[in-house]
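Each step along the sequence shown adds one to the number in the working numbering, with nothing skipped, and position 236 is 1064. Glycine is no exception: its CB is placed at the ideal position from the N, C-alpha and C atoms. Source: prediction; values computed, not measured.
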Amino acid sequence: MHHAPLTAAEMGNLWNFYMANTMSRCMLSHFLANVEDPEIRSLLTESYKLSRHIIDRVTALFGEEGVPLPEGFRAEDVQAEAPRLFSDTFYLQYLDMMYKLGGIYYAITLSNISRMELRRWITKLSAAALELSNTITELMLNKGLYIRPPVIPPTEQGYVHRERFLAGFFGDKRPLSGVEISQVFANLQFNSIKTALVTGFIQVARTNEVRDYFLRCKMINIKQTTILSKLLVQDDLPATLPSQFQITKSTVPPFSDKLMLFHVSNLSSAKVRNWGDSLAVSPRHDLGADYERNLMETMKFADDGAKLLIERGGMEQPPQAPEREKLRAGE
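Below is the structure:
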């Protein structure tokens, strides 16, 4: 059988898998050193095993293909035994967020993979992630931690007859649709968990420059949350997400600044995709304007984070096409 080389999509996505899972391994090792709830510990353990499996598989694949392995994140990027920074309930909500993001990323990746053995492997990863996500949701429901989206009554079948359906800037606005509500709520949830994460990171950042960047992230999240909450309040829908995240007073860094910057950068990239998805399925014009504004703001923040990582020597170069001009010039 012909052995095809890895495509650019395969190499790039496997590289991303390695980077993200070496980061997750560090995060989870600290969580596991501090977790008290046995059910949450079990989920953290399974998640840690999944990350280890992905790291090992990518390491083997890159070795077989002669692709340089990135450094990723190592023992020096985590102090697993550092004092607890987050509560057990945060660990659970954090896992829920990460598996939601993972499910989306696996689906996007699979659509660009050609090799059947990789397609089968990523399909299995997706199934494992979905199963863990179901278990997390069930545990959150059992513990009274799951926050359900707003409920609306059924409406009659019919057709849209007025452009009011699209309007939103002036005059009488129609109520939010079910899909629009779901997008607003999902973005609120994401912002809530990310805000809790960076609040902890602010306490333990080693340098003022990195701390100020995380503080800026928190302020942006709070502003965007206010905008989203107002949309629900205008339709008499619940907009307040109860704070279930306890952040300790610890100022001992469990993670390196490099790891925390990378993590926030990854979440910002996911947030850009979230805003884009919300924009695509929200026909009311004022929603589109809000999402576009939030998207541009998040992109600027993510770009500044990338620059900060580069300045600090913390951004690894991903696989990329050859620079033919330099090759022709003999550089």
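Check                                                                                                                                                                      : Outcome
State yes or no: is the C-beta of ALA908 within less than 8 Å of the C-beta of ALA955?                                                                                     : no
Taking the CB atoms as reference points, tell me whether HIS1091 and MET925 lie closer together than 8 Å.                                                                  : no
Which partner residues of ILE1075 appear in the DSSP bridge assignment?                                                                                                    : PHE914
Closest to PHE890 by CA distance: which of TYR927, GLY972, GLU838 and PHE1083 is it?                                                                                       : GLU838
Hey, how far is the Cα of PHE918 from the Cα of MET944?                                                                                                                    : 37 Å
State yes or no: is the C-beta of GLY1028 within less than 8 Å of the C-beta of ILE1075?                                                                                   : yes
Determine the direct distance from the alpha carbon of VAL1109 to that of PHE1018, and round the result to whole angstroms.                                                : 18 Å
Jot down the residue ranges of each uninterrupted alpha helix (DSSP H) in the segment 1025–1073, minimum 4 residues, whole runs only, in chain order.                      : 1036–1061
For SER961, which residues of its own chain have a beta-carbon under 6 Å away from its beta-carbon, when the five flanking residues on both sides are left out?            : TYR927
If you draw a straight line from the alpha carbon of ARG869 to that of ALA1024, how long is it in whole angstroms?                                                         : 20 Å
What separation, rounded to the nearest whole angstrom, lies between the Cα atoms of GLU892 and VAL1100?                                                                   : 34 Å
Can you list, in chain order, the residues of its chain with a C-beta nearer than 7 Å to that of VAL886? Leave out the 5 residues immediately preceding and following it.  : LEU842, PHE845 and TYR846
Alpha carbon to alpha carbon, what distance is there between PRO1003 and PRO978?                                                                                           : 13 Å
Here's the rule I'm using: 16 or more other beta-carbon atoms within 10 Å means buried, otherwise exposed. How should PRO1082 be labelled?                                 : buried
Could you check where the alpha helix (DSSP H) with ARG826 kicks off and where it finishes?                                                                                : What is shown of the chain runs 829 to 1159, which leaves residue 826 out entirely.
Quick check on DSSP: helix, strand or coil for PHE901?                                                                                                                     : coil
In whole angstroms, what is the alpha-carbon distance linking PRO981 and GLU1144?                                                                                          : 50 Å
What's the call for THR1126, buried or exposed, on a 16-neighbour Cβ count within 10 Å?                                                                                    : buried
By alpha-carbon positions, which one of ARG1034, ARG853 and PRO911 ends up nearest to ASP884?                                                                              : ARG853
Looking at ALA848 and ASN1094, is the spacing between their C-beta atoms short of 8 Å?                                                                                     : yes
Report the three-state DSSP secondary structure of VAL1109 (helix, strand or coil).                                                                                        : coil
Alpha carbon to alpha carbon, how far is GLY1104 from GLU904? Give it in angstroms, no decimals.                                                                           : 36 Å
Can you tell me where the alpha helix (DSSP H) holding ILE950 begins and where it ends?                                                                                    : 944–970
Hey, would you say LYS1051 sits closer than 8 Å to ILE1030, going by beta carbons?                                                                                         : no
Go ahead and label GLN1011 buried or exposed: buried means 16 or more other beta carbons lie within 10 angstroms of its beta carbon, across all protein chains shown.      : buried
May I ask which residues mark the beginning and end of the alpha helix (DSSP H) holding GLU838?                                                                            : 836–862
Does the Cβ-Cβ distance between SER1096 and ALA1130 come in under 8 Å?                                                                                                     : yes
At the 8 Å Cβ level, is ASP1040 part of the contact set with chain C, yes or no?                                                                                           : Chain labels in this structure do not include chain C; a single protein chain is all it has.
Pick from ALA1134, GLY972, THR835 and ILE1021: whose alpha carbon is nearest that of THR937?                                                                               : THR835
Excluding the five sequence neighbours on either side, which residues of its own chain have a C-beta within less than 8 Å of the C-beta of THR1068, listed in chain order? : SER1057
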